[in-house]
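Reviewing the structure listed below.
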Amino acid sequence: MTVWDIYSEILENRYISGRLYKLVLRVPDDIIRKIEPGHFAMIKPSESYDPLGRRAFAVADVEENKLIFYYEVFGRGTNLLTKRKVGEKLKVLLPLGRKLFSYEGKKHLLLGGGIGLAGLTLLAKKLRNMGKEVFIAYGARNKEYLGMVEWLEKETFPYELFTDDGSVGRKGYVTDILEEFGTDWVVHACGPKPMLKTIKRMKTGHKVYFSLEERMACGWGVCLGCVVKTAGGEFKRVCMEGPVMPMEEVVI
Ligand SMILES: Cc1cc2nc3c(=O)[nH]c(=O)nc-3n(C[C@H](O)[C@H](O)[C@H](O)COP(=O)(O)OP(=O)(O)OC[C@H]3O[C@@H](n4cnc5c(N)ncnc54)[C@H](O)[C@@H]3O)c2cc1C
Ligand code: FES
Numbered sequence: 031m032t033v034w035d036i037y038s039e040i041l042e043n044r045y046i047s048g049r050l051y052k053l054v055l056r057v058p059d060d061i062i063r064k065i066e067p068g069h070f071a072m073i074k075p076s077e078s079y080d081p082l083g084r085r086a087f088a089v090a091d092v093e094e095n096k097l098i099f100y101y102e103v104f105g106r107g108t109n110l111l112t113k114r115k116v117g118e119k120l121k122v123l124l125p126l127g128r129k130l131f132s133y134e135g136k137k138h139l140l141l142g143g144g145i146g147l148a149g150l151t152l153l154a155k156k157l158r159n160m161g162k163e164v165f166i167a168y169g170a171r172n173k174e175y176l177g178m179v180e181w182l183e184k185e186t187f188p189y190e191l192f193t194d195d196g197s198v199g200r201k202g203y204v205t206d207i208l209e210e211f212g213t214d215w216v217v218h219a220c221g222p223k224p225m226l227k228t229i230k231r232m233k234t235g236h237k238v239y240f241s242l243e244e245r246m247a248c249g250w251g252v253c254l255g256c257v258v259k260t261a262g263g264e265f266k267r268v269c270m271e272g273p274v275m276p277m278e279e280v281v282i
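Heads up, the sequence shown is in our numbering, so the first residue is 31 and it goes up one at a time.
Written as structure tokens, this is what we have:
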């Protein structure tokens, strides 16, 4: 599959709440047409050599000639990204990721832990367009960290919110909802490792797919920085053999 390395104009880079920002980039139509749920991009936050590497971000949505990303500020790279202005250009490698989501099954429960929801939003739209039933559970530490509610409202998906402190939605973890859905629901989860570990431990009998967000340096199979151990004892690169993997295949 073709991967493009382009300079992409920033159309929006807006603070939402907590540590969350929305980034909108102008991207040529021929690239937009190739984007599928599960794809991610490696974006260079600055023009300089600091930081040298790019950072991985899931493509959260696609509109005409725009790609939409949501990002949380963690360290140097994402901090620098917040400083980039509308009209400036970012170096972007995309689309990345080879093993994408499965659309099998009629009912789909999407579990987004914090910024992990950005890895599932394009999937939600695709499934709905295919006529499938979709329910989204979105959890974070508190109300401030649930900034992607604006997307859920705009797209009118049925959803339920969870916060650790009960500041909005249900008090508890997003994984609490799993046992309330029958095993005819296919589950797609993206979020921090403890969340994925909990899902695995729960052994609810659902078919579950994880979209993994390991640390990545290259994004295209060379550095081996993103490997995860599989149940068969092998190692797989999340960027090339993922980012989506069936839960039973991954050792977390
Ligand atoms: C396929 C994929 C999709 C992603 N999609 C998104 C997205 O849509 N939005 C978003 O905000 N983030 C996403 N991430 C995570 C994002 O790439 C990291 O948060 C970012 O690289 C951090 O860069 P930084 O320079 O700010 O932080 P760094 O200075 O590199 O790190 C700061 C701290 O965060 C930790 N850290 C950094 N990256 C990760 C990681 N991937 N997992 C666990 N801990 C980490 C470091 O250990 C360190 O403690 C995705 C990652 C992958 C692999
Ligand atoms: S990020 Fe380099 S091999 Fe996956």
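Just so it is clear, CB atoms sit at the ideal spot from N, CA and C, and this is done for glycine as well.
From a predicted model like this one, the values you see are computed outputs, not experimental measurements.
message = My output table needs one value for W250: the three-state DSSP class, helix, strand or coil.
response = coil
ask   = Taking just the CA atoms, how far does A71 sit from R231?
value = 31 Å
ask   = When DSSP builds the beta bridges, which residues end up paired with T260?
value = V280
request  = For T193, name the three-state secondary structure that DSSP assigns.
outcome  = strand
query = Under 8 Å between the Cβ atoms of L139 and W215?
reply = yes
key: Alpha carbon of I282 to alpha carbon of R85, nearest angstrom   = 22 Å
message = Can you tell me whether Y100 is helix, strand or coil according to DSSP?
response = strand
key: For Y79 and V116, the rounded distance between their alpha carbons   = 21 Å
ask   = Per DSSP, L12 forms a beta bridge with which residues?
value = Nothing can be reported for residue 12, as the shown portion of the chain is limited to 31 through 282.
Boundaries of the beta strand (DSSP E) in which K72 is found, first to last residue = Lys is not the amino acid found at residue 72; the sequence shown has Met there. Per DSSP, M72 belongs to the beta strand (DSSP E) from F70 to K74.
key: Buried versus exposed call for V164 [16 or more other C-beta atoms within 10 Å across all chains shown]   = buried
key: Close Cβ partners of D195 (< 6 Å) along its chain, the five nearest in sequence each way excluded   = N172
ask   = Can you tell me the Cα-Cα spacing of T228 and P222, whole angstroms?
value = 10 Å
query = Taking 7 Å as the cut-off, is the CB of V268 close to at least one heavy atom of ligand 2?
reply = yes
request  = Please confirm if the segment 178 to 195 is in contact with the segment 106 to 125, defined as three or more CB-CB distances below 8 Å between the two stretches.
outcome  = no
query = Buried or exposed: which applies to D91, given that a residue is buried once 16 or more other Cβ atoms fall within 10 Å of its Cβ?
reply = buried
message = Which of the three DSSP states is assigned to D35 in this structure?
response = strand
request  = Mind reading off the beta-carbon distance from K121 to K74? Whole number of angstroms is fine, and I expect it under 8 Å.
outcome  = 4 Å
query = What did DSSP end up calling Y79 once you bin it into helix, strand or coil?
reply = coil
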